[in-house]
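Numbering (my numbering), first residue to last: 1 to 262. Each remark here refers to the structure printed beneath this line.
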């Protein structure tokens, strides 16, 4: 993917594109049939007709050969799924796929239940990876909810911080921008699993979303180990511990997350 980005920079669309696009035409890094302009075709009768060629877009690869991020349109296109060899689709949408593809395993997560789906989504992805599958995670536009689950998966599977996982996914899908609620869910998840968060202020959260935060000093190994030992001996990492830390970091805005994530 880095080679493609280097050789074809004109086909890369960043998330700060000054010309916004509709959710169903979310730009991604890999495209074919890029001619989307009307073209006049002269027939043998001398008349001209206009045809439009639409770009076929593909999801971004987060874990090469396994995990991909896209939008609802891509998840519904048989050609996209077939060409990429997708075996599993996880959709964060109000309703499941209207025309599910045969031989593809689906998991649907209602957006309102996203905070309850972290563990189930991780189990789904872990099982698919063990079986050698390829998973496409999608939401309507592929900007907020689906990247949130991808970040959580990397945090847990690779045992890395929220900052590291977020930057890894952002490097693969520059247009991602999880909502504040989704970001708070991820911070809570990190607190529950590590006892310390790599994001400890609204300013740090904003910087991470903008792609300008690379240092996760608050979660360096010594502090993380100290927190984990304290959790082990004192059993302090409970709902109250997480709630108190979230309030310390973000004040009343921490209440935007409707439930604590374990």
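Ideal placement from N, C-alpha and C gives every residue a C-beta, glycine not left out.
Spatial distance of residue i from residue j (CA atoms)
i	j	result
residue 205	residue 64	27 angstroms
residue 106	residue 87	9 angstroms
residue 192	residue 114	17 angstroms
residue 102	residue 203	46 angstroms
residue 250	residue 209	15 angstroms
residue 244	residue 255	11 angstroms
residue 72	residue 133	20 angstroms
residue 248	residue 242	10 angstroms
residue 79	residue 97	15 angstroms
residue 95	residue 61	24 angstroms
residue 180	residue 167	16 angstroms
residue 74	residue 201	35 angstroms
residue 67	residue 246	30 angstroms
residue 112	residue 214	30 angstroms
residue 158	residue 59	22 angstroms
residue 82	residue 182	31 angstroms
residue 85	residue 104	10 angstroms
residue 130	residue 90	16 angstroms
residue 77	residue 240	45 angstroms
residue 143	residue 100	23 angstroms
residue 119	residue 152	9 angstroms
residue 124	residue 207	31 angstroms
Collapsed DSSP secondary structure at residue i in the structure displayed
i	result
residue 238	coil
residue 139	strand
residue 148	helix
residue 58	strand
residue 105	strand
residue 91	strand
residue 180	helix
residue 196	coil
Cut-off 6 angstroms between Cβ atoms - residues of its own chain near residue i, not counting five sequence neighbours on either side
i	result
residue 109	92, 117
residue 190	162, 197
residue 149	121, 137
residue 187	197, 199
residue 128	88, 135
Cβ neighbours of residue i in the same chain (closer than 7 angstroms, five flanking residues each side left out)
i	result
residue 267	Outside the modelled stretch of the chain, which goes from 1 to 262, sits residue 267, for which no answer is possible.
residue 211	170
residue 145	92, 111, 114, 139, 182
residue 154	160, 165, 168, 169
Run of the beta strand (DSSP E) containing residue i, from where it starts to where it stops
i	result
residue 70	67-71
Where the alpha helix (DSSP H) through residue i begins and ends
i	result
residue 83	78-84
residue 168	162-172
residue 211	Run containing residue 211: none; DSSP gives neither H nor E here.
residue 96	Neither: residue 96 is in no alpha helix (DSSP H) and is coded neither H nor E.
residue 130	118-130
Nonlocal neighbours in the same chain, by C-beta distance under 8 angstroms from residue i, ignoring five residues either side
i	result
residue 253	180, 184, 202
residue 126	157
Inset, instruction - Take every Cβ of the stretch 133-141, pair it with every Cβ of the stretch 156-163, and state whether three or more of those distances are shorter than 8 angstroms. - result: The stretch 133-141 is not in contact with the stretch 156-163.
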